[in-house]
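Colleague: Attaching a single structure in structure tokens format; questions to follow.
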Amino acid sequence: MRLSLSRMDPWSVFKISFLLSVAIAIALVVMVGVLWTVLSGMGVFSNLNDLLRSMDRKGSSFDLMSYIGFGRVMSLSVVIGVIDIFLMTAIATLGAFLYNICSSLVGGVHLTLTDE
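Residue numbers (the numbering used here): 11 to 126.
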């Protein structure tokens, strides 16, 4: 059986890419939260903070956690996730429009399916 993919509906590509990008954004936020919790539990941030304090000759009261606290890191990951949702959805929809233009010129993608 020979099939041809000659057109992709941009609205359906928009809906599917939006749902997939939301799932990826949620996974990103969860992964960042888990990674931050694991690194904090291992004491990586406190060791890094001690290293940065030992490198400073003045003995300042530098605190790394005031810059990369859990709330700040999670806020940044949510912002990156939202930007990711918009960009992935727009790029996939634009790709569908471009595919339709190219498909009208060359006839689309031809698939040969067999039943075994």
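C-beta atoms are modelled at their ideal positions from N, C-alpha and C, and glycine is treated no differently.
Under the assumption that residue 31 contacts residue 95 (Cβ atoms under 8 Å), give the Cβ distance between them as a whole number of angstroms.
Modeller: Contact holds; Cβ gap of about 5 Å.
Colleague: Helix, strand or coil for residue 58, going by three-state DSSP, please let me know.
Modeller: Reduced to three states, the DSSP call for residue 58 is helix.
Colleague: Closer than 8 Å is the cut-off here; do at least three beta carbon pairs connect the stretch 99-119 with the stretch 20-34?
Modeller: Cβ pair count under 8 Å is three or more, so yes.
Colleague: Please list, in chain order, all residues of the same chain as residue 39 whose beta carbon is under 8 Å from its beta carbon, the five residues on each side excluded.
Modeller: Cβ within range, chain order: 84, 87, 88 and 91.
Colleague: Excluding sequence positions up to five away, which residues of its chain have a Cβ less than 6 Å from the Cβ of residue 20?
Modeller: So the qualifying residues of the chain are 103, 106 and 107.
Colleague: What residues match up with residue 119 in a beta bridge as DSSP calls it?
Modeller: The partner list for residue 119 (beta bridge, DSSP) reads 15.
Colleague: Among 113, 109, 45 and 47, whose alpha-carbon lies nearest the alpha-carbon of residue 23?
Modeller: Looking at the Cα atoms, 109 is the closest of the given residues.
Colleague: DSSP three-state call for residue 82: helix, strand or coil?
Modeller: Of the three classes helix, strand and coil, the one that applies to residue 82 here is helix, per DSSP.
Colleague: Looking only at C-alpha atoms, which of 68, 58 and 120 sits nearest to residue 75?
Modeller: The residue with the shortest Cα to Cα distance from residue 75 is 58.
Colleague: In whole angstroms, what separates the C-alpha of residue 65 from that of residue 36?
Modeller: So the alpha carbons of these two residues sit roughly 38 Å apart.
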